[in-house]
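Peer 1:
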Amino acid sequence: MEPAHITGVYGEVSGLPAPVSAHVREEQLPGLQVYTVTTVWRQSDLVQGSRLHFSKQWTLTAEGNDYKSIKTVLPPGPSTPMSREYLSRFSPIQGQKAVVKETCGYQFLEIWDCHGLRRCLNLTALNKHGRVYDDAQFGCLSWSQCENKLLYVAEKSKDTSDEKSACGMDSSVYREDWGEALTNKSCPVICVANPQAGTVSVLQGIQSDISPGQALWAPGSQSVFFVGWYHEPFRLGLMFCSNRRSALFKLDLDGHCECLSENDRSVSCPRLSPDGSTLIYLQGQVFGPHNQCLSLQQLDLRSGKTSTLLDVVNRPQYDEFAGVYEALPSCCWSADSQRVLFSSARRNWKDLFMVDRRSKKVTSLSDSPSELSKIYGSWKLLTVQGDLMVVCCSSPNIPPTLMVGFLPSAGGPVSWRTLQQPPLTFDFDWTSLDVTPPPEEDNVHYSGLDFGAVLVKPSRSLHVSSVPLVVFIHGGPHSQFPAEWNCTTAGLTKLGFAVLMDEDIRTNLLSVQEQGHYLKSGRREQQHCACKERRLQTGLRLIENTKKFL
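Each position in the sequence shown, counted from 1, maps to that position plus 1104 in my numbering.
1. Considering only residues of the same chain and omitting the five flanking positions on each side of serine 1265, which have a CB-CB separation below 6 Å?
2. Does the segment 1207-1216 come close enough to the segment 1400-1407 that 3 or more CB-CB pairs lie under 8 Å?
3. For cysteine 1102 versus alanine 1431, is the C-beta spacing smaller than 8 Å?
4. So which of Gln1161, Gln1152, Val1138 and Glu1131 has the shortest CA-CA distance to tryptophan 1145?
5. Does DSSP put histidine 1109 in a helix, a strand or coil?
6. Which class does lysine 1232 belong to by DSSP, given the choice of helix, strand or coil?
7. Does the segment 1321-1330 come into contact with the segment 1340-1348, if we say contact requires no fewer than three beta-carbon pairs (one atom in each stretch) closer than 8 Å?
8. Taking C-alpha atoms, which residue in Thr1111, Phe1585 and Thr1287 lies nearest to tryptophan 1453?
9. Which residues share a DSSP beta bridge with methionine 1493?
10. Considering only the beta carbon of each residue, do serine 1441 and aspartate 1379 sit closer than 8 Å?
11. Considering just the uninterrupted stretch of the alpha helix (DSSP H) at cysteine 1591, what are its terminal residues?
12. Hey, which unbroken runs of the beta strand (DSSP E) at 3 residues or more fall wholly within the segment 1268-1342?
13. Where isoleucine 1384 and serine 1447 are concerned, what is the direct C-alpha to C-alpha distance, given to the nearest angstrom?
14. Which residues in the same chain have their Cβ closer than 6 Å to the Cβ of valine 1124, if we skip the five residues on either side of it in sequence?
15. If you draw a straight line from the C-alpha of threonine 1535 to the C-alpha of alanine 1319, how long is it?
16. Considering only DSSP beta bridges, list what aspartate 1460 is partnered with.
17. Mind checking valine 1488: buried by the 16 CB within 10 Å criterion, or exposed?
18. Tell me whether the beta-carbon of leucine 1486 lies closer than 8 Å to the beta-carbon of leucine 1469.
19. Quick check on tyrosine 1114: does DSSP put it in helix, strand or coil?
20. Using 8 Å as the Cβ pair cut-off and three pairs as the minimum, do the segment 1555-1564 and the segment 1596-1603 touch?
21. Quick check on this structure: which residue in Ala1258, Pro1196 and Thr1287 has the alpha carbon closest to the alpha carbon of glutamine 1249?
22. Would DSSP call lysine 1354 helix, strand or coil?
23. Who are the Cβ neighbours of glycine 1490 in its own chain at under 8 Å, not counting the five residues just before and after it?
24. Exposed or buried, which one is aspartate 1149 when buried takes at least 16 other CB atoms within 10 Å?
25. For valine 1571 and leucine 1286, I'd like the C-alpha separation in whole angstroms.
26. Can you look up glutamate 1430 in the DSSP assignment and give me helix, strand or coil?
27. Helix, strand or coil: how does DSSP classify phenylalanine 1344 here?
28. Consult DSSP for isoleucine 1215 and reduce its assignment to one of helix, strand or coil.
29. On the three-pair Cβ rule with 8 Å, is the segment 1232-1240 touching the segment 1279-1293?
30. Using a Cβ-Cβ cutoff of less than 6 Å, which residues in the same chain neighbour valine 1466 once the five nearest sequence positions on both sides are dropped?
31. CA-CA distance, tyrosine 1114 and serine 1276?
32. Give me the Cβ distance between valine 1416 and leucine 1386, rounded to the nearest whole Å; I'm assuming they're in contact under 8 Å.
33. Just curious, the beta strand (DSSP E) that serine 1159 is in, first and last residue?
34. Could you say which of Arg1222, Glu1284, Asp1368 and Leu1528 lies nearest to arginine 1339 if we only look at CA atoms?
35. Say the cut is 7 Å; is the CB of leucine 1245 nearer than that to a heavy atom of the ligand NAD?
36. Mind checking which residues open and close the beta strand (DSSP E) that includes leucine 1405?
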């Protein structure tokens, strides 16, 4: 196999774009409702050796008594590159766009509207803080209700003139950061920018042993909600572990801070309802499996009472809802503030779900009478605004596809419309495997557990006696390989390999306690690997490559 051929295949599969976020804006016209869908895409470029971002926009018209039926989808314009943009957010009413970008080593906050650039703040020159955080763990950009202020998180400023550094340590002492894709992020602070006044202030009152992030305005914009991660016992691993100790806090502009959640849990993804009455967030146990099942909590802001909307699922039955394992999108509420939408794992799949707050009933929106539920193995919700859902769908042989659909009436199916097809698809065969251990290999303490994997292989027969198989063994119980697009898997399959994405015992088939005990049993790992090898009656030659393709 020639190196040039391998390089060409990798360039083909890795260069396919994928949507990463979306925004929907409504406009009421006489007898017509117009929706503008703006999306941000990510794409790798091997020539420049960089990861590019670009935006794309569609215009939809809806008709009907409730304007919940898509009539036309106008063709999109050309893609617009987003050079050096780190964060962006549209204001909910006026449609202004706030952008944090970097030019010549300086970070700027720009405000754009239909007339062009309206305001620009040189955040670096103001010297109120360090670099703005743009990661998914801490980063945020939130408009106030009056749309005059913006909330974001940045590194605390290092004042070299003081005797001690910003973290309360001598400047010569090593400053611990969060590591593992969060390096150089040590002491985050919450900042408020007023573009009209040209000012930036750092909110005070947050205790020094926590790092704040994922901040958003509370109703009235006189206080903010945020998640605070405790520095002890350690920081490393936060990026890939949802089980670090953290809590939900409320901080007013005068510096008074209070904890709103349990103190010995891990929380994330606070999301405010459109009517401002309820704040939801995800909650899990501290430590245990890295990517454990989470509960969905709801905080009534009027009474201050917290209740569980969705609890942890310990042992889901076959094809049932298995619990919440994914982060919530920034906009996940229905327009009436009664339903919450999210994507999550279900066995070998990633599905789209909706939970009704009144009945606490969970409904799968990716299950439909059409063939779409069989074509796509992954449904990832990007946003829902004005009850219009924007979803990224994919499979091991189908690159990311952008689709839209309105929330249905009670019990009704979703009528999905495709906005963007991938530039090409691949002639692969893929299968979702469910394997049950024989009685002699069953765990007597946790009997009845099965495990699964996704097998992808070339559809055309090769001129060899056997097809080599690459195994991804870094699956559950810490994580999951859903049947979604993966450029590494696609590249290997296009080169003639079969690929087995192993999940071992699935995260969504064990309770938190069971996963913790299961992790201590190395013998179970050996037995299940042997069981899978015997169960895979594919006649393929096994190639174990546990490091290069993790």
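We put the CB at the ideal spot given by N, CA and C, even for glycine.
Peer 2: Let me lay it out:
1. Within the sequence shown, residue 1265 is the residue found at index 161, counting from 1. Because serine 1265 carries a pLDDT of 48, less than 50, the predicted location of this residue cannot be relied on, and no value is offered for it.
2. no
3. Summary: the structure shown does not reach residue 1102, with the chain confined to residues 1105 through 1654, and so no result is reported for it.
4. Working through the sequence shown from its first residue, we reach residue 1145 at position 41. It is Gln1161 whose Cα lies nearest to the Cα of tryptophan 1145.
5. Taking the sequence shown and counting its residues from 1, the one referred to as residue 1109 is at position 5. If DSSP states are grouped into helix, strand and coil, histidine 1109 belongs with the helices.
6. Here the question's residue 1232 lines up with position 128 in the sequence shown. Coil at lysine 1232, not helix or strand.
7. no
8. Mapped onto the sequence shown, residue 1453 falls at position 349. Of the candidates Thr1111, Phe1585 and Thr1287, the one whose C-alpha sits nearest the C-alpha of tryptophan 1453 is Phe1585.
9. Residue numbering aside, residue 1493 sits at position 389 when the sequence shown is read from its first letter. Its beta-bridge partners are Val1488 and Gly1509.
10. Within the sequence shown, residue 1441 is the residue found at index 337, counting from 1. Within the sequence shown, residue 1379 is the residue found at index 275, counting from 1. Yes, they are a contact pair.
11. Here the question's residue 1591 lines up with position 487 in the sequence shown. Taken as a continuous stretch (DSSP letters only), the alpha helix (DSSP H) holding cysteine 1591 covers 1591-1598.
12. 1292-1298, 1303-1306, 1314-1321 and 1327-1334
13. As a working mapping, residue 1384 is identified with position 280 in the sequence shown. As a working mapping, residue 1447 is identified with position 343 in the sequence shown. When rounded, the distance between both Cα atoms is 15 Å.
14. The count along the sequence shown starts at 1 and reaches residue 1124 at position 20. The residues are Val1144 and Arg1146.
15. Here the question's residue 1535 lines up with position 431 in the sequence shown. Here the question's residue 1319 lines up with position 215 in the sequence shown. Computed Cα separation, rounded: 41 Å.
16. Within the sequence shown, the letter at position 356 stands for residue 1460. DSSP, once it has assigned bridges, lists Arg1443 as partnering aspartate 1460.
17. Stepping through the sequence shown from its first residue, residue 1488 is reached at position 384. Its Cβ being crowded by 16 or more others within 10 Å, valine 1488 is buried.
18. For the purposes of this step, residue 1486 is taken as residue 382 along the sequence shown, with counting starting at 1. For the purposes of this step, residue 1469 is taken as residue 365 along the sequence shown, with counting starting at 1. Contact: no.
19. Your numbering for residue 1114 matches position 10 in the sequence shown. In this structure, tyrosine 1114 counts as helix in the three-state DSSP scheme.
20. yes
21. Your numbering for residue 1249 matches position 145 in the sequence shown. For glutamine 1249, the nearest C-alpha among the options comes from Pro1196.
22. Counting from one through the sequence shown, the residue named residue 1354 turns up at place 250. Strand.
23. Sequence index remark: in the sequence shown, residue 1490 carries index 386 (1-based). Counting only Cβ-Cβ distances below 8 Å, and skipping sequence neighbours, we find Val1128, Glu1130, Tyr1139 and Ala1439.
24. Translated into the one-based positions of the sequence shown, residue 1149 becomes position 45. Exposed is the call here.
25. Residue mapping note: residue 1571 aligns to position 467 of the sequence shown, counting from 1. Residue mapping note: residue 1286 aligns to position 182 of the sequence shown, counting from 1. The straight-line gap from Cα to Cα measures roughly 40 Å.
26. Position 326 of the sequence shown, counted from the start, is the residue given in the question as residue 1430. If DSSP states are grouped into helix, strand and coil, glutamate 1430 belongs with coil.
27. As a first step, residue 1344 is located in the sequence shown; it is residue number 240 there, counting from the start. In this structure, phenylalanine 1344 counts as helix in the three-state DSSP scheme.
28. Against the sequence shown, residue 1215 aligns to sequence position 111. Strand.
29. yes
30. Looking up residue 1466 in the sequence shown gives position 362. Answer for valine 1466: Phe1425, Phe1457 and Val1459, listed in chain order.
31. In the sequence shown, counting from the first residue as 1, residue 1114 sits at position 10. In the sequence shown, counting from the first residue as 1, residue 1276 sits at position 172. When rounded, the distance between both Cα atoms is 45 Å.
32. Indexing the sequence shown from 1 puts residue 1416 at position 312. Indexing the sequence shown from 1 puts residue 1386 at position 282. That belief does not hold up - the Cβ atoms of valine 1416 and leucine 1386 are roughly 11 Å apart, past 8 Å.
33. Here residue 1159 is taken as the residue at index 55 of the sequence shown, counted from 1. That run of the beta strand (DSSP E) goes 1154-1167.
34. Residue mapping note: residue 1339 aligns to position 235 of the sequence shown, counting from 1. Per the Cα distances, Glu1284.
35. Absent from the structure shown: the ligand NAD. Ligands present: none.
36. For the purposes of this step, residue 1405 is taken as the residue at position 301 of the sequence shown. That residue, leucine 1405, is in no beta strand (DSSP E); it is neither H nor E in DSSP.
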